[in-house]
Ligand code: KIV
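In my numbering, the protein residues as written are 276 to 584.
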């Protein structure tokens with residue numbers, strides 16, 4: 276085994292001292308402070324979201340749709356989630372990182388579920404995991420929690436069941452369906468989950484669950500009465516031009532801005548306007564200036580003075 280470098284030690288120290296824990300998140304909700312969660316898949320976005328003050332970064336299996344270009348989340352693998360968790364960990368220092376367990380990493384057996392949940396923490400560096408499912412997953416959640424891995428549940432519209440649901444449809448609209456989602460959320464809480472995502476359900480049902488379930492609820496397409504909210508970062512930033520679901524608020528139009536920027540770049544390369552003199556290195560840079568020497572004639576303000584002359 277190689278000994279840790281000083282940057283490894285600094286990273287470990289940062290994780291120990293700064294990252295929000297599940298205990299912090301539950302305490303926030305108990306104080307009535309809303310939890311902010313956003314998906315992240317790489318170090319640059321993680322850094323921006325961390326600096327903006329987001330509480331939780333979810334390394335979501337939505338990576339399969341917004342990054343990989345698939346129609347569903349189903350093709351995402353454990354190795355991919357771990358890869359993205361590591362990148363998100365390197366980009367952030369304060370946020371809590373939740374690894375989303377991908378399709379078939381926990382459904383086939385409890386042994387698989389425990390082993391893969393453990394990998395999210397030990398290999399991915401996440402602090403907790405999320406998995407989709409209610410009553411049918413309760414015993415699996417309990418076993419994972421018993422091993423010391425904090426679990427966030429996910430009920431209502433569960434995208435990994437897209438084919439069983441007949442599409443990405445709002446769940447819990449009838450009284451019976453609402454009761455089923457309510458029972459799912461309660462089962463997840465009884466199994467020991469520290470919080471639960473409520474996705475794609477009517478706002479009144481989310482309010483009822485939030486009032487009674489006893490753990491923080493984090494909503495997406497579930498109205499304003501949850502203890503926190505989560506959005507996919509690409510939706511929030513306006514990077515998904517063809518997708519405009521009702522529950523998404525776009526806080527920026529980064530796709531449109533990016534498009535204009537790249538068009539301008541293409542124009543300037545074609546016209547020769549880029550790169551300009553200030554983006555170019557000189558062949559014979561002037562030597563650095565030493566003050567108070569008799570043979571030097573240039574000043575410290577010489578353009579190009581620096582490491583990349
Ligand atoms: O993968 C994901 O982005 C999610 C959120 C939509 C909750 O599971």
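Ideal Cβ positions, reconstructed from N, Cα and C, are used throughout, including at glycine.
In the displayed model, residue 341 falls within a helix according to three-state DSSP.
Relative to the non-hydrogen atoms of the ligand KIV, the Cβ of residue 335 comes within a distance shorter than 8 Å of at least one. Leaving aside the five residues that flank residue 353 on each side, the residues in its chain whose CB is nearer than 7 Å to its CB run, in chain order, 377, 380, 391 and 394.
Every alpha helix (DSSP H) of 4 residues or more that sits fully in the segment 376 to 440 is shown, in chain order, as 385 to 397, 413 to 421 and 437 to 440.
At a Cβ-Cβ threshold of 9 Å, residue 331 and residue 342 do not count as neighbours. Within 8 Å of the C-beta of residue 350 there is not a single heavy atom belonging to the ligand KIV. Residues of the same chain with a CB within less than 7 Å of the CB of residue 365, apart from the 5 flanking positions on each side, are 318 in chain order. Between the segment 437 to 456 and the segment 504 to 513 there are fewer than three C-beta pairs closer than 8 Å, too few to call the two in contact. Residue environment for residue 483: buried (at least 16 other C-beta atoms within 10 angstroms of its C-beta). For residue 364, no beta strand (DSSP E) segment is defined; the enclosing uninterrupted segment is the alpha helix (DSSP H) at 353 to 366. In this structure residue 325 is buried. Its beta-carbon is surrounded by 16 or more other beta-carbon atoms within 10 angstroms. Less than 9 Å separates the beta-carbon of residue 419 from that of residue 388. In this structure, residue 447 sits away from residue 425, with a CB-CB distance that is not shorter than 9 Å.
The alpha carbon of residue 370 has as its nearest neighbour, out of 487, 327 and 523, the alpha carbon of 327. Within the DSSP secondary-structure output, residue 554 pairs in no beta bridge. Residue burial is scored here from C-beta neighbours: residue 315 has at least 16 other C-beta atoms within 10 angstroms and is therefore classed as buried. Residue 405 counts as buried, since no fewer than 16 other beta carbons sit within 10 angstroms of its beta carbon. By the Cβ neighbour-count rule, residue 543 is exposed, with fewer than 16 other Cβ atoms within 10 Å of its own. Buried is the label assigned to residue 401, since at least 16 other Cβ atoms lie within 10 Å of its Cβ. Of the candidates 307, 345 and 428, the residue whose Cα lies closest to the Cα of residue 460 is 428.
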